[in-house]
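**Q** Just passing along the structure, written as structure tokens.
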Amino acid sequence: MPSLLDKRLVLVTGKGGVGKTTVAAALGLAAARRGKRAIVCEVARETRLASLLDLPDEGYDEHEAEPGLYGMSVDPERAKREWLQHQLKSGTLAGLLGHSRLFGYLTAAAPGLDELVTIGKVWDLAQIERRTGVRRYDLVILDAPATGHGLALFTAPRTYARVATAGPIRRQALRIHGFLTDRRSTGVLGVALPEEMPVNETLDLERALHDELELGFDAVVVNALLPDRLTRKQEKLLESLDTDLGPAARAAVRTALSEDRRARVQRTELRRLRRSLEGSVMTLPYVFEPEIGREQLDALAERVGGLL
Amino acid sequence: MIERWLARKEVCICAGAGGVGKTTTAAAIALGMAARGKKVAVLTIDPARRLANSLGLPELGNEERLVDAGVDGELWAMMLDAKRTFDELVERQAPDAATRDAILANPIYRELSNAVAGSQEYMAMEKLHELHQEGHYDLLVLDTPPTRNALDFLDAPKKLAAFIDSRSLQFFTAPGALGLRVVGRGSGLVFSAMKRATGIDLLEDLSTFFRSFGEMTAGFRERAEHVNGLLADSRTAFVLVTSPRHDAIEAASFFHRRLLDAGLPFAGVVANRVHVVEEAAGNVAAELEPLVGAELARTVAEAYADERSAAEGDRLNLDQLRRRLGRKPMIEVPHLDDDVHDLPGLRRMDEYLFGG
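As they're listed, the protein sequences go chains A and B.
Residues 1 to 308 (our numbering) are what the first sequence spells out, left to right.
Residues 1001 to 1356 (our numbering) are what the second sequence spells out, left to right.
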């Protein structure tokens, strides 16, 4: 199987709060460092990506963050207009529909349409012959919304292909669906934390991806893994010390032991994930600094690039 | 502390970004209130069965189940099934059996009621409203879905009402309206453009879907209004759940502002997984070295420095949020050594949530 960096589109997905945006940005950086032109997309105006990659706040345009690395936020309203314009091959007609109140109500009400045009835009970014722009990307990375919403995004084309039994929406939806489910073109990178709930949700997501789209994870990144500092023997030794220590040493020993207990729970969860998951599992270290800045992102990118 | 927040409250809505321990906090609040003699139901959307198991249940369904928690009051739990709730709502609201069957069998409804992001948010509100109306519980605790920006669910009832209410429905439902016209000669430039953009069959299916849905317009509008009313009611309390990580704090600040703007009853913040490290001056490595050797002494000193750095970051982030909260209270729950996912774990949280 080709490396994730050799695909055209990578969907980065996982439970909320596990660090998807950080991993997506690190992956983009890793691709750019290998001489690829990469773009990282987020959906619906989150600001995380913008602050990580130093993008303008209103990042609806493809913006070059640094040589070879672009970022953008996909706006469903804009994607809808672009889609109309392409479909009707006429700015006048598209303008007419765009101003039609009936059409406005309809598209606002049609469930799942935002998801369809959003994933459609991402799909277009990954095409060699593009419709909505001229820049060609080697790799498109989607920082997808949390599990349930992410899945709704990936399945939207198939849903619409089922609902529309003929016509342009169906044709379009089938093409996007075909691209998303072709493992040569599209990869899925799961992100998880080494904790009970995120591991469960990752396993559930693997099942859902398989059942809904016959897709699987190409790899799963387990984020924020605490260092494995102490052996059992060292731990026992430290536990036996507690009473003979001065205040600073006592606080330090207690803290190290407490971290070690959390680290052990993490490793149990990591093992469980490795046992139950089909794709490969890799880890990124816990970042102790209060905020992930450029320095930390560079280090993560190096590691992600090395692992893939 | 939480007990004071929830005095005379009938609904507690736990909101916040994903991955901050919302489900666990909701369960701990519910268990704590049940332990204090209340009859409580916790509504969760947590898909992991472990929480259900840890509450002593094989699994959670769309109906409340009694948890054997050994408490003075009663603890009930349920997991929301958005599709099932939507179906039940249609069953209740449909004016007659024929309309009901037409909607439930409609391919658009079947695909979309399931797949669409957003339906879960609305259904959570809907179920909450239903249980509140029935009035079997002293307190309902809702664990909100992990929406993209943690706030989508606030708009959900309004959105659905707008959808049901929109004139688009009337276009479809009025006699001789779009459905027929499209099938007929397709009058007007707009319709022909629409046909080119979507395909005629999709328009027809949508038309059928909207027409049958239109039968229930009034009922849905009324319910959505009630749900909105319940959210703003003084018997409701919003508890904001966060972690001290930078992005979660940003989300919490944003959410707090939105709650205030919307005039919704905000009670306070629960900050989970706070790194708490004992601070003491002294040279750790030097003191430990004679006892455990240079290598282990250095390892311990590094761990201490790293954890202090994390704790310091947490402190800065929480202070930032606290300044924005003004007089509203914040409860800090330390990073417990184990993951909290069972009754003893929830009870450990109790001391922090209800103490003080």
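Even for Gly, the Cβ is constructed at its ideal location relative to N, Cα and C.
Between the beta-carbon of V1011(B) and the beta-carbon of E1126(B), is there less than 8 Å?
**A** Taking the first residue of the second sequence as 1, we reach residue 1011(B) at position 11. Taking the first residue of the second sequence as 1, we reach residue 1126(B) at position 126. Their beta carbons are not under 8 Å apart, which means V1011(B) does not touch E1126(B) by this criterion.
**Q** Please confirm whether V117(A) and A126(A) have their CB atoms less than 8 Å apart.
**A** To locate residue 117(A), count along the first sequence from 1; it is residue 117. To locate residue 126(A), count along the first sequence from 1; it is residue 126. Result no, Cβ atoms of V117(A) and A126(A) do not sit closer than 8 Å.
**Q** Taking Cβ to Cβ, would you say Y70(A) is nearer than 8 Å to A38(A)?
**A** Indexing the first sequence from 1 puts residue 70(A) at position 70. Indexing the first sequence from 1 puts residue 38(A) at position 38. In this structure, A38(A) lies closer than 8 Å to Y70(A) by Cβ.
**Q** Report the rounded CA-to-CA distance for T1099(B) versus G35(A), giving the unit in angstroms.
**A** The sequence position of residue 1099(B) within the second sequence is 99, counting from 1. The sequence position of residue 35(A) within the first sequence is 35, counting from 1. Taking the straight line from one Cα to the other gives about 59 Å.
**Q** According to the neighbour-count rule (16 or more other Cβ atoms, all chains shown, within 10 Å of its Cβ), is K236(A) buried or exposed?
**A** Residue mapping note: residue 236(A) aligns to position 236 of the first sequence, counting from 1. So K236(A) ends up on the exposed side.
**Q** Taking only three categories from DSSP, how would you classify V1292(B)?
**A** Looking up residue 1292(B) in the second sequence gives position 292. Helix.
**Q** Within 10 angstroms of its Cβ, does D1247(B) collect 16 or more other Cβ (buried), or is it exposed?
**A** To locate residue 1247(B), count along the second sequence from 1; it is residue 247. By the 10 Å Cβ count, D1247(B) comes out buried.
**Q** Measuring only between beta-carbons, confirm whether R254(A) sits less than 8 Å from chain B.
**A** Position 254 of the first sequence holds residue 254(A). So, interface residue.
**Q** List the endpoints of the continuous beta strand (DSSP E) containing Y70(A).
**A** Translated into the one-based positions of the first sequence, residue 70(A) becomes position 70. Where Y70(A) is concerned, the enclosing beta strand (DSSP E) stretches over L69 to V74.
**Q** Using DSSP with H/G/I as helix, E/B as strand and the rest coil, what is V287(A)?
**A** Locating residue 287(A) in the first sequence gives position 287, where the first residue counts as 1. It is coil, neither helix nor strand.
**Q** I want to see whether chain B comes within less than 8 Å of P76(A), judged by CB atoms only; does it?
**A** In the first sequence, residue 76(A) corresponds to position 76, counting from 1. False, the Cβ-Cβ gap to chain B never drops below 8 Å.
**Q** Go ahead and pull the three-state DSSP assignment for R1036(B).
**A** One-based indexing of the second sequence puts residue 1036(B) at position 36. Reduced to three states, the DSSP call for R1036(B) is coil.
**Q** Which runs of the alpha helix (DSSP H) spanning at least 4 residues fall entirely within the region 175-223 of chain A, listed in chain order?
**A** Here the runs fully enclosed are 196-213.
**Q** So, does the CB of Q234(A) fall closer than 8 Å to a CB anywhere in chain B?
**A** Within the first sequence, residue 234(A) is the residue found at index 234, counting from 1. At least one chain B Cβ lies under 8 Å of Q234(A).
**Q** Find the residues of chain B that neighbour A248(A), judging by a C-beta separation of less than 8 Å, and give them in chain order.
**A** The residue given as residue 248(A) occupies position 248 in the first sequence. Per Cβ cutoff of 8 Å: A1280, A1281, G1282, N1283, V1284 and E1287.
**Q** Taking 8 Å as the CB-CB limit, is H1226(B) close to chain A?
**A** Stepping through the second sequence from its first residue, residue 1226(B) is reached at position 226. Not closer than 8 Å to any Cβ of chain A, the Cβ of H1226(B) fails to qualify, so no.
**Q** Of all the options I176(A), G167(A), A144(A) and R131(A), which has the alpha carbon lying nearest to the alpha carbon of R158(A)?
**A** Within the first sequence, numbered from 1, the residue matching residue 158(A) stands at position 158. Of the candidates I176(A), G167(A), A144(A) and R131(A), the one whose C-alpha sits nearest the C-alpha of R158(A) is I176(A).
**Q** In chain A, which residues lie less than 7 Å from A1316(B) when you measure between Cβ atoms?
**A** Here residue 1316(B) corresponds to residue number 316 of the second sequence, with the count starting at 1. Note that residue 1316(B) corresponds to Leu in the displayed sequence, not to Ala. P290, listed in chain order.
**Q** Let me know if L308(A) comes out buried or exposed under the rule of 16 or more other beta-carbons within 10 Å of its beta-carbon.
**A** Position 308 of the first sequence, counted from the start, is the residue given in the question as residue 308(A). Answer is buried; the Cβ neighbour count reaches 16.
**Q** Would you say R1148(B) faces chain A, with C-beta separation under 8 Å as the test?
**A** The residue labelled residue 1148(B) in the question sits at position 148 within the second sequence. With a pLDDT of 46 at R1148(B), under the threshold of 50, the modelled position of this residue cannot be trusted; read the value that follows with caution. Chain A contact via Cβ: present.
**Q** Roughly how many angstroms lie between the CA atoms of F1441(B) and L1240(B), to the nearest whole one?
**A** Because residue 1441(B) is not part of the residues shown, which for chain B are 1001 to 1356, the question remains open.
**Q** Quick one: is Q369(A) buried, meaning 16 or more other Cβ sit within 10 Å of its Cβ, or exposed?
**A** Past the boundaries of the shown model lies residue 369(A); chain A is included only from 1 to 308, so the question cannot be answered.
**Q** Starting from V18(A), trace the alpha helix (DSSP H) in both directions and tell me its first and last residue.
**A** If you number the first sequence from 1, residue 18(A) lands on position 18. That residue, V18(A), is in no alpha helix (DSSP H); it is neither H nor E in DSSP.
**Q** Measuring only the C-alpha atoms, how far is S276(A) from A146(A)?
**A** Along the first sequence, read from residue 1 onward, the residue named residue 276(A) stands at position 276. Along the first sequence, read from residue 1 onward, the residue named residue 146(A) stands at position 146. Roughly 21 Å between the two C-alpha positions.
**Q** Mind listing the chain A neighbours of E1222(B)? Cutoff is C-beta to C-beta under 8 Å, in chain order.
**A** As a working note, residue 1222(B) is residue 222 in the second sequence. Here the premise fails: no neighbours, minimum Cβ distance about 19 Å.
**Q** Whole angstroms is fine: what's the gap from L4(A)'s alpha carbon to A152(A)'s?
**A** Residue numbering aside, residue 4(A) sits at position 4 when the first sequence is read from its first letter. Residue numbering aside, residue 152(A) sits at position 152 when the first sequence is read from its first letter. Those two C-alpha atoms are separated by around 22 Å.
**Q** Please return the same chain residues whose Cβ sits closer than 8 Å to the Cβ of E64(A), not counting the five positions on each side in sequence.
**A** The residue labelled residue 64(A) in the question sits at position 64 within the first sequence. Around E64(A): Y70.
**Q** Give me the Cα-Cα distance between V18(A) and T92(A), rounded to the nearest whole angstrom.
**A** Taking the first sequence and counting its residues from 1, one reaches residue 18(A) at position 18. Taking the first sequence and counting its residues from 1, one reaches residue 92(A) at position 92. Rounded to whole angstroms, V18(A) to T92(A) spans 45 Å at the Cα level.
**Q** Please report the straight-line C-alpha distance between A299(A) and G1326(B), rounded to a whole angstrom.
**A** On the first sequence, position 299 is the one that residue 299(A) refers to. On the second sequence, position 326 is the one that residue 1326(B) refers to. Approximately 38 Å, taken between the alpha carbons.
**Q** Run through DSSP, which three-state label would V1071(B) get?
**A** For the purposes of this step, residue 1071(B) is identified with residue 71 of the second sequence, where counting begins at 1. Here V1071(B) sits in coil by DSSP.
**Q** For chain A, check one thing: does any of its Cβ atoms lie closer than 8 Å to the Cβ of G1179(B)?
**A** Your numbering for residue 1179(B) matches position 179 in the second sequence. With a pLDDT of 43 at G1179(B), under the threshold of 50, the predicted position of this residue should be treated as unreliable, though the coordinate-derived value follows. With 8 Å as the cut-off, G1179(B) does not count as an interface residue toward chain A.
**Q** Straight-line CA distance for V1284(B) to A1297(B)?
**A** As a first step, residue 1284(B) must be located in the second sequence, where it is residue number 284. As a first step, residue 1297(B) must be located in the second sequence, where it is residue number 297. Roughly 7 Å separates the two Cα atoms.
**Q** Hey, how far is the Cα of E1278(B) from the Cα of T1236(B)?
**A** One-based indexing of the second sequence puts residue 1278(B) at position 278. One-based indexing of the second sequence puts residue 1236(B) at position 236. For E1278(B) and T1236(B), the distance between alpha carbons rounds to 37 Å.
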